[in-house]
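Written out below as structure tokens is the structure these notes cover.
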Amino acid sequence: MADDKSKRDFRDRNKISADDDYEVNFFALQNNITPEQVRELIRKHGNDRATLTAAAKALPAQF
């Protein structure tokens with residue numbers, strides 16, 4: 047049986063939660079920046095994943 051696309055859970059996959067360490071660390075590893083930089087980007091730009099990815103690419107790599 048196919049998945050019912052109208053039944054979704056409460057989470058929004060297009061946003062990153064600054065309170066969730068796993069999400070912050072995963073995003074930091076994906077973009078070669080530190081978790082502290084991720085939290086700073088969230089404070090500056092909000093929690094939209096696409097906006098944060100673009101902002102992270104403008105930062106120098108940390109790893």
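In the working numbering, the protein residues as written are 47 to 109. We put the beta carbon where it would ideally sit given N, CA and C, even for glycine. These numbers were taken from a predicted model, which means no experiment stands behind them.
In this chain, A64 is not harboured by any alpha helix (DSSP H), its DSSP state being neither H nor E. Approximately 5 Å separates the beta-carbon atoms of R85 and A64; this is inside 8 Å, confirming the contact.
For I88, the enclosing alpha helix (DSSP H) stretches over residues P81 to H91.
Contact check for I88 and L75: beta-carbon distance about 16 Å, past the 8 Å limit, so the pair fails to qualify. Cβ-Cβ separation between N77 and A102: approximately 4 Å, consistent with a contact (criterion under 8 Å).
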